[in-house]
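When you line the sequence shown up against UniProt numbering, it's residues 1 to 92, in that order. Even glycine gets a Cβ: it sits at the ideal position worked out from N, Cα and C. It should be emphasised that the depicted structure is a prediction, and the values quoted were computed from it without experimental measurement. One structure is given here, and the rest of the page talks about it.
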Amino acid sequence: MPSSKLSADDIAARLSAAGLTTRVEQHAQHTSIEAEVPDTFPAESWREVLEVVAEADRFGLLASNVNGRTLWAAVHKAAPATGDVRGPGHQR
Numbered sequence: 001m002p003s004s005k006l007s008a009d010d011i012a013a014r015l016s017a018a019g020l021t022t023r024v025e026q027h028a029q030h031t032s033i034e035a036e037v038p039d040t041f042p043a044e045s046w047r048e049v050l051e052v053v054a055e056a057d058r059f060g061l062l063a064s065n066v067n068g069r070t071l072w073a074a075v076h077k078a079a080p081a082t083g084d085v086r087g088p089g090h091q092r
C-alpha cells in the first residue's frame with residue numbers, strides 16, 4: 001500500500017478518534033480527507049485535530065452559514081517534480 005494512502009488513512013482514523021465523522025476520497029494526484037465539525041465540538045479538541053491535519057500536505061477549514069464547518073486535508077500521492085513545486089508567491 002502506498003505511503004500516501006497509509007498517511008491519509010492514519011489522518012482519517014485520528015480525526016475519527018477525536019469524535020469527527022470523516023470521508024476519504026481518492027483523486028488523481030491526492031487523497032482528500034474531510035470531516036464535518038459540529039457547532040458542539042469541544043474547544044479543547046481543536047488543538048488535537050489541528051495537529052493531525054498539519055501532517056497532511058495541505059489542510060484548511062471551510063466555514064459558512066449554509067454548510068457549517070468542514071475541516072479538510074490533502075495528501076499528495078507522489079512528490080511533485082522540482083519544476084512543479086509551488087512556494088510563496090507561486091514561484092517556479
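Pick from the options that is closest to residue i, judged by C-alpha positions
i, options, result
"Val66", "Asp39, Ala73 and Arg14", "Asp39"
"Ser64", "Glu36, Ala73 and Ala54", "Glu36"
"Leu15", "Ala54, Leu62 and Gly68", "Ala54"
Residue i, buried or exposed, once every other Cβ within 10 Å from all chains shown has been counted against 16
i, result
"His27", "exposed"
"Leu71", "buried"
"residue 94", "Only positions 1 to 92 of the chain appear in this structure, which leaves residue 94 out of reach."
"Ala56", "buried"
"Ala8", "buried"
"Ala78", "exposed"
"Ala12", "buried"
> Can you list, in chain order, the stretches of the alpha helix (DSSP H) that have 4 or more residues and sit fully within the region 27-74?
Replying inline: Runs found: 46-53.
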